[in-house]
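Participant: In terms of full-length UniProt numbering, the sequence shown has 106 at position 106, counting the first letter as 1, and numbering is strictly consecutive.
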Amino acid sequence: MEEISWNDFMKVELRVGRVVQAEVFEEARKPAYKLQVDFGPELGLRKSSAQITQLYRPEELVGRLVVAVVNFPKKQIGPLMSECLVTGFHNADGHVALCVPDQHVPLGTRLL
1 MEEISWNDFM KVELRVGRVV QAEVFEEARK PAYKLQVDFG PELGLRKSSA
51 QITQLYRPEE LVGRLVVAVV NFPKKQIGPL MSECLVTGFH NADGHVALCV
101 PDQHVPLGTR LL
């Protein structure tokens, strides 16, 4: 494993947001959802594609807090312009489990 400096870590903007919309991403090559995530007044709404269909249904995602990288460049994924990367971990079956705070924190709060 390569070590990084504190300055390297500080370049990554990991922020808390709330999923306000989730729907099946019909045009995706791999099963995915289109998400709209609210990061609060400073960052606003951001769109993302998330391959989390094995463990979550769209209606279960709305209202959930998530952690996302918000300072990657926008990326075109089919017809969707992704504006953030929602984070998660692969479980023993290879399915993605979301990385989420275990307590309520204000939208837009940065992970430190």
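Glycine residues also receive a C-beta, built at the ideal position from the N, C-alpha and C atoms.
Can you tell me whether DSSP reads residue 89 as helix, strand or coil?
Facilitator: Taking the sequence shown and counting its residues from 1, the one referred to as residue 89 is at position 89. Residue 89 falls in the strand class under three-state DSSP.
Participant: Using DSSP's beta-bridge definition, name the partner residues of residue 38.
Facilitator: Translated into positions along the sequence shown, residue 38 becomes position 38. 18 and 45.
Participant: Taking the straight line between their C-alpha atoms, what separation do you get for residue 22 and residue 1?
Facilitator: For the purposes of this step, residue 22 is taken as the residue at position 22 of the sequence shown. For the purposes of this step, residue 1 is taken as the residue at position 1 of the sequence shown. Whole-angstrom Cα-Cα distance: 35 angstroms.
Participant: So the beta strand (DSSP E) residue 65 belongs to, where does it begin and stop?
Facilitator: Here residue 65 corresponds to residue number 65 of the sequence shown, with the count starting at 1. Where residue 65 is concerned, the enclosing beta strand (DSSP E) stretches over 65-69.
Participant: Out of curiosity, what's the CA-to-CA distance linking residue 98 and residue 86?
Facilitator: Taking the sequence shown and counting its residues from 1, the one referred to as residue 98 is at position 98. Taking the sequence shown and counting its residues from 1, the one referred to as residue 86 is at position 86. Those two C-alpha atoms are separated by around 8 angstroms.
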